[in-house]
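If you use numbering that gives the first Met the number 0, the sequence shown corresponds to residues 0 to 112, in order.
Each remark here refers to the structure printed beneath this line.
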Amino acid sequence: MKEIKAIIRPSKLLDVTEELTGIKGLPGVTISEIKGFGKGRARNAKDKVMYEMVEFIPRIKLEVVVDDEMVDDVVNVIQKYAHTGNTGDGKIFVTNIEKIVNIRTHERGSGAT
């Protein structure tokens, strides 16, 4: 199992999630509103937010845990539909998951997604 985390522009959320729902067997997606900055430190961004004299840019974080066979499909959808070609399009991270436990059902492993 893998966890895919993607940091994308808020304006691309609808495009990305509409396409993700078309992936058969996708267990679900967690979406968070976040703020941060990259190499450019948000200096020239139009949508920046000031907090304690530091400039941040609003972004969306998508998180999904999938079987290894689904990773490429999910990553490809996010990459294609979050892309604008401009600085700040975001990043996708893929990491290994050691264990999953469903709190309600006590299931473990891939059945717990």
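Quick reminder that beta carbons are idealized off the backbone N, C-alpha and C, glycines included.
No experiment lies behind these values; they were computed from the predicted model shown.
Query raised in the report: Since Ile-59 contacts Leu-12 with CB under 8 Å, what's their CB separation in whole angstroms?
Result: 5 Å
Query raised in the report: If Val-64 sits next to Ile-99, beta carbons under 8 Å apart, how far is it from one beta carbon to the other, in whole angstroms?
Result: 7 Å
**Report entry** Glu-32 vs Pro-57 beta-carbon contact at 8 Å
**Finding:** yes
Report task. Go ahead and label Arg-103 buried or exposed: buried means 16 or more other beta carbons lie within 10 angstroms of its beta carbon, across all protein chains shown. Result -> exposed
Query raised in the report: The beta strand (DSSP E) spanning Asn-95 covers which residue range?
Result: 90 to 95
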